[in-house]
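Some notes on the structure that comes next.
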Amino acid sequence: MANIRAFIRSSKKEFAKIRFRLTDGRMVQLFYVSDILVNPNQWDNNRECIKAKVLINNIERNKINNKVSETKRIILQAFENLKQSSEYITSENLTKYVDRLINSDNNKTFNLVEDNNFFQLFQKFIDSSKVSTNRLQSYKVVIGKLKRFELYYRLSIKNNFILSLNTFSVDILDLFEQYL
Numbered sequence: 051m052a053n054i055r056a057f058i059r060s061s062k063k064e065f066a067k068i069r070f071r072l073t074d075g076r077m078v079q080l081f082y083v084s085d086i087l088v089n090p091n092q093w094d095n096n097r098e099c100i101k102a103k104v105l106i107n108n109i110e111r112n113k114i115n116n117k118v119s120e121t122k123r124i125i126l127q128a129f130e131n132l133k134q135s136s137e138y139i140t141s142e143n144l145t146k147y148v149d150r151l152i153n154s155d156n157n158k159t160f161n162l163v164e165d166n167n168f169f170q171l172f173q174k175f176i177d178s179s180k181v182s183t184n185r186l187q188s189y190k191v192v193i194g195k196l197k198r199f200e201l202y203y204r205l206s207i208k209n210n211f212i213l214s215l216n217t218f219s220v221d222i223l224d225l226f227e228q229y230l
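Heads up: the sequence shown runs through residues 51 to 230, numbered per our numbering.
Next up, the structure:
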């Protein structure tokens, strides 16, 4: 069972970001740095919350403590999803995934899609779209044309070309338009 601890760096004098350490047995130790800022004098590392006897507005105290609890829940959810995806888990992967979950409008979970897999991302967009069947058909036609363009570009111009979010640019769009 994974364990998550919230802590701050004690060397900070002013406000410090709350950090999270996720451990799963002896072999897994992952870190996440949140955007939650606290005064180090007000933080209780043992209880992982704002100190009870510090003079602070109760609304602010509850807000920070709830954010910490919610972030712990999201980190655990992200870790479990990453484990199920059978991808190698690093702190960087965890941070990206947690940020996606935190920054999503309604905190719905995302299926893990590699950043550079353009066609899976496009397909996910189509699957989640709530548009007419004609529009969906148009999207599918565009995917087909992009796949053919990728193959054409790979065979005629650049051998190891893969259409991805990293390679997608204005120049590629111009070449795609010429291809059409």
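Cβ coordinates follow ideal geometry from the N, Cα and C atoms, glycine included.
**Request:** Would you mind stating whether phenylalanine 175 and isoleucine 125 have Cβ atoms separated by less than 8 Å?
**Result:** Going by beta carbons, phenylalanine 175 and isoleucine 125 fall outside the 8 Å limit.
Practice item. Rank Leu80, Leu223, Ile106 by C-alpha distance to the C-alpha of phenylalanine 129 and give the top, closest one. Key: The residue with the shortest Cα to Cα distance from phenylalanine 129 is Leu80.
Subject >> Proximal residues to isoleucine 58 (C-beta, below 8 Å), its chain only, five neighbours per side dropped >> reply: Once the five neighbours on either side are set aside, the close Cβ partners of isoleucine 58 are Ala66, Lys67, Ile68, Arg69, Val88, Pro90, Trp93, Asn95.
inquiry  = In whole angstroms, give me the CA-to-CA distance for serine 60 and leucine 72.
reply    = The alpha-carbon atoms of serine 60 and leucine 72 are separated by roughly 19 Å.
*If you drop the 5 nearest sequence neighbours on each side, which residues of the same chain put their C-beta closer than 6 Å to that of tyrosine 203?*
Within its own chain, the residues whose Cβ lies closer than 6 Å to the Cβ of tyrosine 203, once the five positions on either side in sequence are excluded, are Phe211, listed in chain order.
Review point. Counting pairs of Cβ atoms below 8 Å between the segment 131-143 and the segment 178-193, do you hit three or more?
Key: Too few Cβ pairs lie closer than 8 Å, so no.
Practice prompt. Give the DSSP-derived three-state secondary structure of leucine 72 in the structure shown.
Written response: In this structure, leucine 72 counts as strand in the three-state DSSP scheme.
Just to confirm the assignment, what range does the alpha helix (DSSP H) spanning asparagine 131 have? Here the alpha helix (DSSP H) through asparagine 131 covers 108-134.
Checklist entry - On the premise that threonine 121 lies in contact with serine 84, defined as a C-beta separation below 8 Å, what is that separation, rounded to the nearest angstrom? => result The pair is a contact, with the Cβ atoms about 5 Å apart (cut-off 8 Å).
I believe alanine 56 touches valine 104 by the beta-carbon criterion, under 8 Å. Please report the beta-carbon distance rounded to the nearest angstrom.
No, alanine 56 and valine 104 are not in contact; Cβ-Cβ is about 16 Å, not under 8 Å.
message = Let's see if you can read the secondary structure: which residues bound the beta strand (DSSP E) around arginine 55?
response = In the DSSP assignment, arginine 55 falls within the unbroken beta strand (DSSP E) covering 53-57.
> Would leucine 223 be called buried (16 or more neighbouring beta carbons within 10 Å of its own) or exposed?
Replying inline: An exposed status is given to leucine 223, since fewer than 16 other beta-carbon atoms sit within 10 Å of its beta-carbon.
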